[in-house]
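In the numbering used here, the protein residues as written are 10 to 89.
Heads up: the structure comes next, in structure tokens.
What follows is the structure in structure tokens.
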């Protein structure tokens, strides 16, 4: 699948780099995981990414609010 969106959060982990990307509108988010740490984008950048779906993931936000989004494994990402 190919999408374009704005990076609203980035997480660097020892095993992967993750991006939360806003697509469509301010209420639609996806989580894109880069297991090889090939891509290095910052919050606020707009990117186009090619990825395949991993399913829905759940996480807790800063104030304990549950957040759910669809996770993708990144195959390619580029700055727009």
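Just so you know, even glycine gets a beta-carbon here, dropped at the ideal spot from N, CA and C.
Quick caveat, the model's predicted, so the values are computed rather than measured.
Check, Outcome
"Endpoints, the beta strand (DSSP E) within which residue 12 is located", "11-21"
"Proximity of residue 66 and residue 16 at Cβ, strictly below 8 Å", "no"
"Contact under 8 Å by Cβ, residue 18 with residue 52", "yes"
"Bounding residues of the beta strand (DSSP E) (the contiguous stretch that carries residue 27)", "26-31"
"Sheet register partners of residue 66 (DSSP bridge)", "78"
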